[in-house]
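Report on the structure given below.
Number of protein chains: 2
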Amino acid sequence: MTQTSSARPAPAATAGPVLVVGAGLLGASIGLGLRHLGVDVWLQDASPTAEAVAQDIGAGRSCRAAGPAPEPALVVVATPPDVTARTVAEALERHPGAVVLDIASVKEAVLEGVRELGGDLTRYVGTHPMAGRERSGPVAARGELFTSMPWVVCDSGRSSPAALAAAKNLAVDLGATVTFMDAREHDATVALISHLPQVMSSLLASRLQDTPLHHLSLAGQGLRDTTRIAASDPHLWVQILAANAEPVVASLHGVRQDLDRLIATLEGPEAPGARLDIAQLIAEGNAGQARIPGKHGGAPRAFASLTVLVGDVPGQLARLLTEIGEIGVNLEDLRLEHSPGQPVGLAEVSVLPNRRKELVEALQERGWKVVQ
Amino acid sequence: MTQTSSARPAPAATAGPVLVVGAGLLGASIGLGLRHLGVDVWLQDASPTAEAVAQDIGAGRSCRAAGPAPEPALVVVATPPDVTARTVAEALERHPGAVVLDIASVKEAVLEGVRELGGDLTRYVGTHPMAGRERSGPVAARGELFTSMPWVVCDSGRSSPAALAAAKNLAVDLGATVTFMDAREHDATVALISHLPQVMSSLLASRLQDTPLHHLSLAGQGLRDTTRIAASDPHLWVQILAANAEPVVASLHGVRQDLDRLIATLEGPEAPGARLDIAQLIAEGNAGQARIPGKHGGAPRAFASLTVLVGDVPGQLARLLTEIGEIGVNLEDLRLEHSPGQPVGLAEVSVLPNRRKELVEALQERGWKVVQ
């Protein structure tokens, strides 16, 4: 599964020619993936440089350099969210025989925009490959970017079966897992599972702006995990949050109610019921966190974890994982904990609960320090 | 470094007998670590069961079962935060020759409590080993729990040099990294780097209580990371947040100001300046996140990352890391991304920026799929 790069890919279900409008990270990655399947791909970008770079990395042919392009069977609009609706409407008008998809991470605003601009909704399908990155631009593009990632497909309400099939085929060709939702349901979902976490992480991380570094040096994995996505690109997130403001605000009002309740409680922590209120907030967090599905989208499953001491030199972690493989226990998750001030790492290994005891004993027999 | 469990440990700087009051996860772990160094440890817990279990796992001798205990040179109070001050004061009175430490995760409330109870502050030092876990109880105890973790030592303001030395020796004996701070500075620090992340993670996760599971199945690593610590124990966090309410509330007021600003902005996303406000919030998050120190408490350092496709079977990840070791590039961090719906994993490998290109090429030569 890791070494199929030389294997012959399955034939593409996507029929070309495909015109990709917007040759950034996602557009160029789609081009690369389709080219790998032998599909005829043409690239168009407002930036001549991006268009040229995308062609150079093999994402398809530049309309400027290699045009005129043939009439496309499929147009994939991969522009920034704030110009997506207009670009879709133009493509629908310019290519009356083509199915037009977009891949913006918000869907209802784009659908409304296309409708207002009089676009032919029977040939339009909004989609969202959930494979964003902090990095951007065609240079960062990879054909496998969408492998095993969710790809949401949103019927416009009038999308033709052929248009929906084209959207599904593209996602499947690129190795993604397809989920069908309408635009409103999609936007409400990403507001909660993607946009709200971004906002909360940014709100938390912004509190650290004036913290002395020697205080931050005491930070543990909890702070690192909760603030990791706060490193995301402001320019992109302005467009996402502005375009999905309504459901995000609805969630934020809920957060503010809980926050106000907690602040009031903590301002009188000895008041009757105060401790109960605090416990309830934490317990509500327990309940929500426990509902996040486990690996492979399966039902939530609690894994048992053990933490092993590993030296911070090349090969140590590899040897640990090799020996876990030899012991025959499947690794469900792995997390490295950083070690302030010492050249030692802690590897937290998650396994099925009924395998933990066996693994701990086998590792200790082999001389590993199982910390907890 | 991973295989020293059989090596002879350095002689303990801590002089026994040591009385550990409170035989939970931390108290029993301290006992185990000291016993491993040959120190005479006695255990006392309000729960006869916990005291017996702690003795059974080798954390020391039960005062009930093996007493009477000799007069201790050092008393370590490892009770729940809400009874710590009283327990410290009692120990100071009962053992006039002993240094008394506590390890509660809040320090000023304990210090004030001991002072109000008339405890001898020259023999008292508040400390905080930053090695908490979701799991609790003596069964979860491990002697290496504190290895390479920060351990904050707080002068009472009147602590004697001998008492401070005893606190430092205990932390060093257990392999921790010692940091000196006064109680107020400690509490302000953990409010920001530990208590605020807990609150934000709980506030976020509690929004997920009513979300359909098929929506949560679209969740990516961002949601998982930001909500992981929301699984923490409500009973413990009630005590921590109540005891450190003042600095936590101060931070929460800052969060609420930013949140109110964002809500107002998102309620009129087309208003002039709205997008600038949103961008500023995200950028402030970037700035705060970038200040979190890197591995080993060093200065923040940006690593270059690459993501490699690995099959979800035992040994695949190990082979990847083995080959990275063979290529001779040191792994700075590793993160497994879950793959909704497909039996494939994505390993995000972080390395020094100037080694990334070399590693990507070497891995691709060996047939690995480098996704991004």
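Read top to bottom, the protein sequences are chains R and Y.
Note that our numbering has the first sequence beginning at 5, numbered continuously upward.
Note that our numbering has the second sequence beginning at 5, numbered continuously upward.
The C-beta atom is built at its ideal place from N, Cα and C for all residues, glycine as well.
Being a predicted model, the structure only gives us computed values, none of them experimental.
- Between alanine 291/R and chain Y, the shortest Cβ-Cβ separation is below 8 Å.
- For valine 79/Y and glycine 31/Y, the gap between their C-alpha atoms comes out near 11 Å.
- Annotation: aspartate 237/Y to alanine 283/R spans about 9 Å, alpha carbon to alpha carbon.
- For the C-beta of arginine 232/Y, the chain R residues within less than 7 Å are, from N- to C-terminus, Asp229.
- Check the Cα spacing between leucine 340/Y and each of Ser164/Y, Pro142/Y, Ile331/Y, Ala351/Y: the tightest is with Ala351/Y.
- Listed along the chain, the chain R residues whose CB falls inside 8 Å of the CB of valine 259/Y are Leu207, Leu208, Arg211, Leu263.
- Excluding residues up to 5 positions away in sequence, Val24, Val80, Ala82, Leu178 lie with their Cβ nearer than 7 Å to the Cβ of isoleucine 34/R in the same chain.
- Within the segment 245-256 of chain Y, those residues whose Cβ lies closer than 7 Å to any Cβ of chain R are, in chain order, Leu245, Ala246, Ala249, Val252, Val253, Ser255, Leu256.
- Note on geometry: alpha-carbon atoms of glycine 101/R and alanine 19/R lie some 13 Å from one another.
- When Cβ pairs closer than 8 Å are counted between the two stretches, the segment 203-212 of chain Y is seen to touch the segment 246-260 of chain R, the count reaching three or more.
- In the DSSP assignment, serine 354/R forms a beta bridge with Ser309/R, Asp337/R.
- Annotation: isoleucine 107/R has no Cβ neighbours in chain Y at a cutoff of 7 Å; minimum Cβ distance is about 15 Å.
- Nearest CB-CB separation between glycine 329/R and chain Y: below the 8 Å threshold.
- From the beta-carbon of proline 85/Y, no residue of chain R is found nearer than 9 Å; the closest lies around 12 Å away.
- The alpha helix (DSSP H) runs of length 4 or more contained entirely in the segment 179-230 of chain Y are, from start to end of the chain, 187-194, 200-210, 217-220.
- Here glutamine 368/Y is exposed: its Cβ has fewer than 16 other Cβ atoms, across all protein chains shown, within 10 Å.
- Leucine 240/Y and histidine 40/Y have their C-alpha atoms some 28 Å from each other.
- Here the alpha carbon of aspartate 229/R sits roughly 43 Å from the alpha carbon of arginine 68/Y.
- Listed in chain order, the non-local C-beta contacts of valine 176/R below 7 Å within the same chain comprise Ala17, Val182, local neighbours out to five positions each way being set aside.
- By the neighbour-count criterion, in which a residue is buried when 16 or more other Cβ atoms sit within 10 angstroms of its Cβ, leucine 280/R is exposed.
- Taking C-beta atoms under 8 Å as the contact rule, valine 129/R and serine 109/R fail to qualify, at a distance of about 15 Å.
- With contact defined as three or more Cβ pairs closer than 8 Å, the segment 83-95 of chain R and the segment 161-176 of chain R are not in contact.
- Residue-level contact check: glycine 277/R does not touch chain Y, since none of the beta carbons of chain Y fall below 8 Å from its beta carbon.
- Rounded to the nearest whole angstrom, the C-alpha separation of glutamate 94/Y and glycine 64/Y is 21 Å.
- Under the three-pair Cβ rule at 8 Å, the segment 283-295 of chain R counts as touching the segment 196-210 of chain Y.
- Here the alpha carbons of glycine 141/Y and leucine 115/Y stand approximately 25 Å from one another.
- Proximity of isoleucine 197/Y to chain R, defined by a Cβ-Cβ separation below 8 Å, is satisfied.
- In this structure, threonine 126/R lies near serine 163/R, with their beta-carbon atoms less than 8 Å apart.
- Taking the C-beta atoms as reference points, glutamine 243/Y is found no nearer than 8 Å to proline 133/Y.
- At least one C-beta of chain R is nearer than 8 Å to the C-beta of glutamate 288/Y.
- Around alanine 187/Y, the same chain offers Lys111, Glu112, Leu115, Gly130, Cys158 as residues with beta carbons nearer than 7 Å, after the five sequence neighbours per side are excluded.
- At a cut-off of 8 Å between beta-carbon atoms, tryptophan 241/Y makes contact with chain R.
- Not flagged as an interface residue toward chain R: lysine 172/Y, since no C-beta distance is shorter than 8 Å.
- With a contact defined as Cβ atoms closer than 8 Å, valine 312/R and leucine 324/R qualify at about 6 Å.
- Restricting attention to Met185/Y, Pro74/Y, Asp106/Y, Ile107/Y, the CA atom closest to the CA of histidine 99/Y is found in Pro74/Y.
- The closest CA to that of aspartate 124/R, considering only Leu105/R, Arg146/R, Asp106/R, Leu96/R, is found on Leu96/R.
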